[in-house]
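Remarks on the structure that follows.
In the working numbering, the protein residues as written are -13 to 556.
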């Protein structure tokens, strides 16, 4: 840094002696043209910050710039060295579209620089374009402001001389990228140097386990910048409270980004430097599957109670007609339409009997075939009863819900489900659902959990857990970005490019497939093929039907024999 400053100062002296003239008027007009260029190319509200630290060394030049009628339409945020962050805390909670810093002949060495000047640059956005006007002939002036801006890692800094025509475009670490002796076009004056970061790595961290596409995004950004990534462990752990974790991140100023998903509504209240994730996150609940049908329910559930009531009314009606008109039917109508038993050939019956019984035979034939098909389906794939389908049903059930309450402390305050929450820290065994408690997770993880072999009930041929369709919440999430990291803008750019190109979706699909592949390798069943076959237990309901039918038939036969015996004795 110091050697570069000496070279620039020597170069400036040469330029001054060559030109022999001051550039007050030309610099004034050029600075206005730069501001107007940024103003015209900003589609929304243009925010220009003017910061004067010259301490009266401008000879009125800076005041003339501010009062120029050509800048009347420009929104100006004007500050000087007395700017107090505590008094104007909301003034710089944005990224300025252009910042004009007038240093003049002021020496801002650490021993002479006011604290409020340090505070201003410490809170300014590192990706905001900075146009610094200063006397480049003075080594102390150039070195002092250069050291300060380098320490705060601004990536778009251009120095313009006030005593001679010299323009210096700076890079990271105080390295000059280009020196010019003519004013360039305003669009070429201030350029980002982040693509030439001299191997500066991207430093990232996370608390528990990151979203894999986000980690891939950071790695691909490092390749784009021709640099590397460095993981910084132990900044926060799962036991660290969110507030304390943010404080740790502030104190570790060298970290560029934390790739944990954080609720934007909470983060924006205390910290403006963040990057919005391209995906929203929905919170949902996984609930254990309910019990399967018992033997009695297996017989009743193929039809609704309304259908059974229709059958009963039909039988009662047929029996009533048969009782009122005993000569109408030669066959027993109920045994004929239900069992197919006929006493006389129906083809020889009279027209009234045929007209009544033929439609009933066809109707009950179709209904009983449907009943048999449904019964077979129930035997091969036993359904459940009492599944929890809504959050209200979950609240009434009293079922406990596992969640990491340290990551989201607001869960216990939820008016509907807060009393049912129990703490379970995030860990490697999170994928092993216990089958007893409900599980609180996000929509992406839920789709993976219910598809895993370890969470599949091979006995009943169904997943152990079901997803409640209702979402408990939908969050816009973001990533914490380092207070003075110069990578915020490039990370925003690469995230947008990877999302619009479909790469984020592809990485998410790859992550899902990878998780399921690992699950199939780690969790296998030896009797998987046998689970597809019907066993003796699956046919219990069939044996019950046969047993009940034989007992009823034996009882009726015994009753008829008794009646015949007593009638013959008389």
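Using N, Cα and C, we set each Cβ at its ideal position, and we do this for glycine too.
- By the Cβ neighbour-count rule, residue 214 is exposed, with fewer than 16 other Cβ atoms within 10 Å of its own.
- Secondary structure in the stretch 238 to 325: the alpha helix (DSSP H) runs of 4 residues or longer, each lying completely within the stretch, are 250 to 256, 281 to 286, 291 to 310 and 319 to 325 in chain order.
- Put simply, of 15, 372 and 145 the residue whose alpha carbon is nearest the alpha carbon of residue 50 is 15.
- Taking the C-beta atoms as reference points, residue 191 is found nearer than 9 Å to residue 219.
- Restricting attention to 292, 273 and 538, the CA atom closest to the CA of residue 435 is found in 273.
- Burial state of residue 468 is buried, judged by a 10 Å Cβ sphere holding 16 or more other Cβ atoms.
- Per DSSP, the unbroken alpha helix (DSSP H) holding residue 132 starts and ends at 125 to 137.
- Around the CB of residue 247, 16 or more other CB atoms lie within 10 Å, so the residue is classed as buried.
- Closest by C-alpha distance to residue 464, out of 445, 245 and 115, is 245.
- Rounded to the nearest angstrom, the gap between the Cα atoms of residue 133 and residue 481 is 31 Å.
- Annotation for residue 67: no beta strand (DSSP E) segment contains it, and DSSP assigns it neither H nor E.
- Shown here for residue 412: same chain residues with a beta carbon closer than 8 Å to its own, the five before and five after excluded, namely 194, 195, 224, 390 and 393 in chain order.
- Within the stretch 154 to 179, complete beta strand (DSSP E) segments of at least 3 residues are found at 162 to 166, given in chain order.
- Runs of the alpha helix (DSSP H) spanning 4 or more residues and lying entirely within the stretch 416 to 444 occur at 429 to 435, in chain order.
- About 7 Å separates the beta carbons of residue 163 and residue 182, which is inside the 8 Å limit, making them a contact pair.
- Contact annotation: the stretch 309 to 320 does not touch the stretch 273 to 292, with fewer than three C-beta pairs closer than 8 Å.
- A Cβ-Cβ distance of about 7 Å is found for the pair residue 443 and residue 449, placing them in contact under the 8 Å criterion.
- The beta carbon of residue 103 is closer than 6 Å to those of 39 and 67 in its chain, skipping five residues each way along the sequence.
- For the pair residue 486 and residue 265, the Cα-to-Cα distance works out to about 12 Å.
- Your pair residue 85 and residue 116 checks out as a contact, with CB atoms roughly 5 Å apart and the cut at 8 Å.
- Approximately 6 Å separates the beta-carbon atoms of residue 408 and residue 388; this is inside 8 Å, confirming the contact.
- Assigned with DSSP and collapsed to three states, residue 531 falls in helix.
- Burial is judged here by how many other beta carbons sit within 10 angstroms of a residue's own beta carbon; residue 33 has at least 16 and is buried.
- By the Cβ rule, the stretch 118 to 126 counts as touching the stretch 90 to 103, because three or more pairs are nearer than 8 Å.
- Taking 9 Å as the cut-off, the Cβ atoms of residue 269 and residue 136 do not count as close.
- Residue 358 sits exposed, since fewer than 16 C-beta atoms from the chains shown fall within 10 Å of its C-beta.
- Taking the Cα positions, residue 59 is about 22 Å away from residue 12.
- Here DSSP, grouped into helix, strand and coil, assigns residue 55 to helix.
- In this structure, the alpha-carbon of residue 546 lies about 55 Å from that of residue 380.
- When DSSP states are grouped into helix, strand and coil, residue 409 belongs to the strand group.
- Assigned with DSSP and collapsed to three states, residue 231 falls in helix.
- When DSSP states are grouped into helix, strand and coil, residue 538 belongs to the helix group.
- In this structure, the CA atom of residue 343 is about 15 Å from the CA atom of residue 297.
- The straight-line gap separating the alpha-carbon atoms of residue 145 and residue 70 is approximately 25 Å.
- Measuring C-alpha to C-alpha distances from residue 302 to each of 285, 320 and 293 identifies 320 as the nearest.
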